[in-house]
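One structure below.
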């Protein structure tokens with residue numbers, strides 16, 4: 208393959224040479240064809256030692272290696288792009304590819320369409336998928352209600368998107384690093400984050416790992432490799448790229464996954480992240496949950512192109528669109544993307560099509576901008592939980608009795624965690640002042656003392672008894 | 046960012062050197078045939094000398110053998126030491142691979158490899174976001190922003206993300222391994238977008254540190270401290286000093302503490318506070334005040350803007366009773382306002398005169414009007430006179 212204007216020497220891992228854009232592409236550059244999928248990427252020859260990879264010294268000549276310029280050739284010589292000349296004026300139509308198709312494994316009734324795509328997971332694994340999705344759903348319903356009753360300040364549900372969380376989380380290794388946006392609680396739940404800690408964060412009580420500093424649903428867990436969520440959208444995207452670069456240098460076979468919605472994909476940070484990940488050859492998966500709405504803004508007001516997946520090829524990135532409500536499709540795509548991302552040190556873009564059944568948050572009433580009929584369609588006729596249940600019942604893995612007793616049990620465990628969290632005190636107000644820097648500074652220390660003196664003097668005006676001392 | 050050239054004629058008061066002068070110069074002078082009435086050296090075309098004289102630090106042996114280095118070389122030296130001792134360290138930004146537009150990273154890519162010193166696409170929010178993520182994942186991330194004037198696309202990542210990473214996660218995660226470097230301050234002809242001093246925007250942001258050195262010796266030690274510090278740091282490098290400032294700088298690693306102001310010369314009548322290039326202006330002002338007014342000035346280099354050393358400044362003002370703070374950035378909301386406010390709280394009864402701020406005007410940084418804009422030694426001198434006669 209001609210390597211025009213790019214570095215031809217291989218990296219430390221045995222990775223196939225990458226094409227310069229425009230050279231020898233297929234007609235639909237964004238599609239992963241079945242031949243691509245079957246092509247074995249060379250198994251990584253990475254050494255297993257914990258040292259950092261020292262790549263070879265590059266001479267300045269090799270760095271600027273390119274074909275010698277030859278103006279007698281009727282081929283473009285531009286450093287910026289190769290491809291052929293064309294002598295008639297024609298604008299490329301967007302969507303001339305007629306939209307990137309949606310990969311799925313099951314139909315809406317949970318039947319496997321193409322048996323060779325069935326990941327054939329064990330009954331235990333599939334039951335676990337189902338239980339995690341339904342437990343998340345139960346927790347969502349109880350915490351949403353608790354906000355309505357004034358017990359917690361705010362909540363965001365995950366209704367309809369449980370398949371995107373569980374399918375992708377299951378396809379990762381436990382030490383892969385997760386950067387999320389805010390609607391990925393199922394990933395954390397799949398990894399084993401206990402109900403008590405979900406509740407602790409929402410209640411901002413003294414058990415919260417985040418020390419009560421953030422609004423509900425801003426979860427994080429160092430043990431489970433889930434980077435703490437922040438409210439600004441898409442900021443995690445370039446961060447995920449940097450983390451992936453660092454993990455690549457560490458050479459310990461870890462990947463990064465970065466979740467975001469189709470709305471956040473409009474942010475400049477998303478463009479930055481996509482471009483950096485491709486140019487810097489980072490082992491990560493961009494996972495876009497396209498759920499149809501960014502608060503009240505529907506997708507036709509968010510973008511005019513063919514969704515998010517169609518942007519991938521523009522950055523030189525392998526991309527796929529999947530049925531996000533099909534947990535097996537999500538699982539298959541993520542699993543393959545992860546394998547290749549690490550083996551080949553390149554980013555993958557997965558656009559999981561789904562639907563946000565719930566409101567954006569407890570501060571939103573979506574009946575203001577969409578019809579009840581639309582919501583009901585997704586809730587009743589194309590839901591990741593019911594599709595998986597049909598798959599299970601078709602194999603006699605799950606009965607009505609199982610369903611009834613599981614629902615009852617999961618509700619009970621959620622309620623118990625909820626009641627425990629309610630009773631717990633809030634963290635010591637001293638924690639208002641720590642962790643601004645690694646160390647306490649003299650100025651903050653003075654402010655802290657000043658606050659406590661003030662509280663002492665005016666204590667009847669402050670809710671001191673709700674907090675640990 | 047300015048698609049227009051970010052090309053820089055190096056050096057504040059270097060004479061215009063034409064590349065390839067020699068056999069081409071006759072061709073060039075043929076291009077520029079002046080009419081008889083036009084003198085080759087118009088009064089309006091004369092360059093002004095720089096507004097300061099760089100005053101080098103005395104040679105020190107406390108950190109081991111030294112070598113003559115200018116400011117950009119001292120930066121390179123710090124980065125070299127870092128890449129040698131810390132295998133996780135990486136340096137990235139626009140154009141750093143070939144050595145950087147100010148030559149701060151010359152030789153490092155060849156020495157340490159293309160995976161450790163590399164170009165990024167032209168995107169400041171990406172550079173800083175990437176740096177945060179690399180730091181979170183355990184790498185020592187050193188990001189370069191080509192000019193501090195272009196740091197603003199990264200403002201969200203710095204203020205909403207980097208600064209708050211540790212706090213918001215309850216110390217589960219942090220990006221303390223991140224250092225962001227950027228050329229800073231006036232350069233004689235930089236105009237709006239190659240002269241800014243944006244420290245005040247960031248001073249309002251708890252969780253980051255901001256450090257500004259006055260010369261090569263300080264720069265290397267402070268940069269190494271920033272890199273070692275477990276908090277995200279902004280390190281602004283006075284670009285006018287990159288070539289003009291030459292000192293004997295230790296070859297090995299050493300650190301200079303952060304959040305400690307330095308009293309450069311003691312005095313009894315007025316405290317003068319600044320940072321970066323302006324320190325050299327104030328040193329000259331102190332001499333002028335002594336010679337012409339018999340006024341003894343105490344000169345303090347703040348060095349770390351955030352968190353800043355209130356104790357040293359206040360202790361000095363308690364002694365002298367008068368304070369002058371000077372910076373190039375516009376006066377309204379500039380960092381002098383913060384110092385002034387704190388000092389009047391802590392030292393009110395000690396003050397003999399209102400605190401003086403000699404700063405840039407509340408305008409964008411102008412091109413041709415730079416000599417009138419900058420807080421030069423005459424403006425500082427005049428302010429001291431007013432304070433003494435208050």
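Protein chains in written order, with our numbering: chain A, 208 to 676; chain B, 46 to 435. No residue lacks a Cβ here, since even glycine has one placed at the ideal position from N, Cα and C. As the structure is a computational prediction, the values presented were derived from the model and not from experiment.
Within this structure, are the beta carbons of residue i and residue j separated by less than 7 Å?
i	j	result
residue 373 (chain A)	residue 346 (chain A)	no
residue 491 (chain A)	residue 451 (chain A)	yes
residue 392 (chain B)	residue 363 (chain B)	yes
residue 390 (chain A)	residue 589 (chain A)	no
residue 559 (chain A)	residue 582 (chain A)	no
residue 245 (chain B)	residue 378 (chain B)	yes
residue 382 (chain B)	residue 99 (chain B)	no
residue 344 (chain B)	residue 285 (chain B)	no
residue 108 (chain B)	residue 302 (chain B)	no
residue 413 (chain A)	residue 673 (chain A)	no
residue 395 (chain A)	residue 433 (chain A)	yes
Distance cutoff 7 Å, beta carbons only. Does residue i sit that close to anything in chain B?
i	result
residue 294 (chain A)	no
residue 572 (chain A)	no
residue 381 (chain A)	no
residue 705 (chain A)	With chain A covering only 208 through 676, there is no way to say anything about residue 705 (chain A).
residue 683 (chain A)	In the structure as shown, chain A starts at 208 and stops at 676, and residue 683 (chain A) therefore has no counterpart that could be examined.
residue 679 (chain A)	In the structure displayed, chain A extends from 208 to 676; residue 679 (chain A) sits before or after that span and is not available.
residue 494 (chain A)	no
residue 587 (chain A)	no
residue 507 (chain A)	no
residue 453 (chain A)	yes
residue 364 (chain A)	no
residue 316 (chain A)	no
Pick out whichever of the options has its Cα sitting closest to the Cα of residue i.
i	options	result
residue 497 (chain A)	A:285, A:354, A:365	A:365
residue 167 (chain B)	B:422, B:198, B:321, B:418	B:198
residue 106 (chain B)	B:297, B:337, B:391	B:297
residue 349 (chain B)	B:282, B:152, B:146	B:282
residue 335 (chain A)	A:613, A:618, A:666	A:613
residue 503 (chain A)	A:607, A:457, A:563	A:563
residue 398 (chain B)	B:424, B:426, B:435	B:435
residue 308 (chain A)	A:431, A:527, A:440	A:527
residue 494 (chain A)	A:378, A:431, A:593	A:378
residue 178 (chain A)	A:356, A:306, A:326, A:300	A question about residue 178 (chain A) goes unanswered here, because the residues of chain A that appear run from 208 up to 676.
residue 572 (chain A)	A:500, A:542, A:510, A:484	A:500
residue 272 (chain B)	B:77, B:256, B:103	B:256
residue 172 (chain B)	B:148, B:421, B:202, B:351	B:202
residue 618 (chain A)	A:276, A:402, A:428	A:402
Of all Cβ atoms in chain A, is any one closer than 7 Å to the Cβ of residue i?
i	result
residue 211 (chain B)	yes
residue 177 (chain B)	yes
residue 170 (chain B)	yes
residue 217 (chain B)	yes
residue 425 (chain B)	no
residue 66 (chain B)	Here residue 66 (chain B) scores only 45 on pLDDT, less than 50, and its place in the model should not be relied on; the value that follows carries that caveat. No, no contact with chain A.
residue 1 (chain B)	Summary: the structure shown does not reach residue 1 (chain B), with chain B confined to residues 46 through 435, and so no result is reported for it.
residue 181 (chain B)	yes
residue 184 (chain B)	yes
residue 386 (chain B)	no
residue 206 (chain B)	yes
Margin query: Using 8 Å as the cut-off, can you tell me whether the segment 307-314 of chain B makes contact with the segment 324-333 of chain B, which would need three or more C-beta pairs spanning the two stretches below that distance?
Written below: Under the Cβ criterion (8 Å, minimum of three pairs), the segment 307-314 of chain B counts as touching the segment 324-333 of chain B.
Item checked: Length-filtered (3 minimum) beta strand (DSSP E) runs lying within the segment 204-285 of chain B -> You should have 223-229, 254-256, 278-283.
Note to self: Under 8 Å, with one C-beta from each stretch per pair, do the segment 407-421 of chain B and the segment 368-378 of chain B reach the 3-pair mark?
What the structure shows: yes
Notebook entry, point to check: Would the segment 458-467 of chain A and the segment 385-399 of chain A be scored as touching if the rule is three or more Cβ pairs under 8 Å?
Noted result: yes
Check: Does the pairing of the segment 254-269 of chain B with the segment 123-132 of chain B give three or more beta-carbon distances under 8 Å?
Finding: yes
Check: Contact between the segment 442-458 of chain A and the segment 182-191 of chain B: three or more CB pairs below 8 Å?
Finding: yes
Notebook entry, point to check: Between the segment 424-433 of chain A and the segment 403-410 of chain A, do three or more beta carbon pairs fall short of 8 Å?
Noted result: By the Cβ criterion, the segment 424-433 of chain A is in contact with the segment 403-410 of chain A, since at least three pairs of Cβ atoms, one from each stretch, lie closer than 8 Å.
Checklist line | Segments of 3+ residues assigned as beta strand (DSSP E) that fall wholly inside the segment 516-545 of chain A | finding: 525-530
Check: Which runs of the alpha helix (DSSP H) fall wholly inside the segment 531-616 of chain A and span at least 4 residues, in chain order?
Finding: 534-551, 579-588, 591-601
Margin query: Would you call the segment 230-245 of chain B in contact with the segment 201-221 of chain B, where contact means no fewer than 3 C-beta pairs closer than 8 Å?
Written below: no
Item checked: 3 or more residues per run - each beta strand (DSSP E) lying fully within the segment 368-425 of chain A -> 384-386
Next item on the list: Please confirm if the segment 439-449 of chain A is in contact with the segment 474-485 of chain A, defined as three or more CB-CB distances below 8 Å between the two stretches.
Entry: yes
Next item on the list: Write down every uninterrupted run of the alpha helix (DSSP H) in the segment 436-501 of chain A whose length is 4 residues or greater and which is fully enclosed by it, in chain order.
Entry: 443-457, 475-486
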